[in-house]
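Q: Quick one: the structure is below, questions incoming.
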Amino acid sequence: MAEGLMKQMYGQKAYVQSAGVKNDMEVDGFSIAVCKELGIELSRHRSRSFEEMQEWGDDLSQFDLIVALSPASQRTALELTRFYHLDVEYWPILDPTGLGESREAKLAAYRQARDQIRDRMIARFGPPKEEGQTE
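See below:
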């Protein structure tokens, strides 16, 4: 969700890649649904690990900032700072997986997480780009 939101809100202002501790998960259908509500397409997105990013040619030293959304990803990101000069920020975002009994309750939890991410982005990076704005 974070990568999709960042790209929609800030466009080409920053190079964004989402990565996790593991890559063994497809993008959750509820994440796809709540992002689609905002016009963000995630159905073709695939989760990657930091290791995969390096294997695929992403030079982690070229990144300025890692935003960790879970304690596990924060630990991994802090490990990377031993090898690369990267700033790491931890944003404690609700983990919606496993929350809610009904479909609507699950969607509400995912919307809450999506909105927390969006609000943190605006607080950290400022207002999103205007519609039609190129920079």
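For the sequence shown, position 14 matches number 1243 in the working numbering, and the numbering has no gaps at all.
Every residue, glycine too, gets a C-beta built ideally from N, C-alpha and C.
1) My guess is that Ala1342 and Tyr1319 are in contact by the Cβ rule of under 8 angstroms, so how many angstroms apart are they, rounded?
2) Taking buried to mean at least 16 other C-beta atoms within 10 Å of its own C-beta, is Ala1306 buried or exposed?
3) Take Arg1275 as the anchor and find which of Pro1300, Asp1293, Ala1231 and Val1317 has the nearest alpha-carbon.
4) Apply the 10 Å Cβ neighbour rule to Ala1338 and answer buried if 16 or more other Cβ atoms are within range, or exposed otherwise.
5) For Asp1316 and Asp1288, which I take to be in contact (beta-carbon distance under 8 angstroms), what is that distance rounded to the nearest angstrom?
6) Could you tell me the alpha carbon to alpha carbon distance between Glu1270 and Gln1345, rounded to whole angstroms?
7) For Ala1248 and Glu1266, what's the separation of their Cα atoms in angstroms?
A: To lay it out plainly:
1) Indexing the sequence shown from 1 puts residue 1342 at position 113. Indexing the sequence shown from 1 puts residue 1319 at position 90. In this structure Ala1342 does not touch Tyr1319 by the C-beta definition: roughly 15 angstroms separates them, more than the 8 angstroms allowed.
2) Here residue 1306 corresponds to residue number 77 of the sequence shown, with the count starting at 1. Buried is the call here.
3) Against the sequence shown, residue 1275 aligns to sequence position 46. Distance check between Arg1275 and each of Pro1300, Asp1293, Ala1231 and Val1317 places Ala1231 closest, using alpha-carbon atoms only.
4) Along the sequence shown, one-based indexing puts residue 1338 at 109. Looking at its Cβ environment, which holds 16 or more other Cβ atoms inside 10 Å, Ala1338 is buried.
5) In the sequence shown, counting from the first residue as 1, residue 1316 sits at position 87. In the sequence shown, counting from the first residue as 1, residue 1288 sits at position 59. So it is not a contact: roughly 16 angstroms between Cβ atoms.
6) If you number the sequence shown from 1, residue 1270 lands on position 41. If you number the sequence shown from 1, residue 1345 lands on position 116. Between Glu1270 and Gln1345, the C-alpha separation is close to 19 angstroms.
7) Along the sequence shown, read from residue 1 onward, the residue named residue 1248 stands at position 19. Along the sequence shown, read from residue 1 onward, the residue named residue 1266 stands at position 37. Looking at the two C-alpha atoms, the distance is approximately 23 angstroms.
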